[in-house]
Amino acid sequence: MHELLGWTGSLLFATCAVPQVIKTWQSKKADDLSWLFLIFWLAGEALSLAYIIIDDLLIETTHFPLYVNYVFNFVLVLYLVYAKKYY
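If you read the sequence shown in our numbering, its first letter stands for residue 12, the second for the next number, and so on.
Spelled out as structure tokens, the structure:
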């Protein structure tokens with residue numbers, strides 16, 4: 012049961028950025044996105060992923076749902092940073 016909770020939560024978190032990415036991709040505008048917001052979001056995703064990887068190595072386990080969440084979000088935020096810079 013707790014695995015289902017983990018996967019469901021991770022998938023919901025991972026897809027939170029999808030509507031913004033779609034809107035930004037379609038409109039080719041990212042003016043309303045704050046640089047500070049994007050930088051904090053990107054750093055938060057990167058640091059959280061690093062923490063989970065290090066912790067998993069230390070306790071010899073794998074939290075795959077969390078990897079999916081953080082890697083997917085990291086890629087989406089990278090796109091939004093790209094869009095903010097080039098659109």
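All C-beta atoms in this analysis are idealised placements derived from N, C-alpha and C, irrespective of residue type, glycine included. Computed from a predicted model, the values in this text were never measured in an experiment.
Asked, Found
"C-alpha gap between VAL88 and GLU56, whole angstroms", "9 Å"
"Length of the line joining the Cα atoms of LEU22 and LEU53", "18 Å"
"GLU56 - containing alpha helix (DSSP H), residue span", "46–70"
"DSSP three-state assignment for ALA28, whether helix, strand or coil", "coil"
"Residue from SER38, MET12 and ILE64 whose Cα sits closest to the Cα of ALA94", "SER38"
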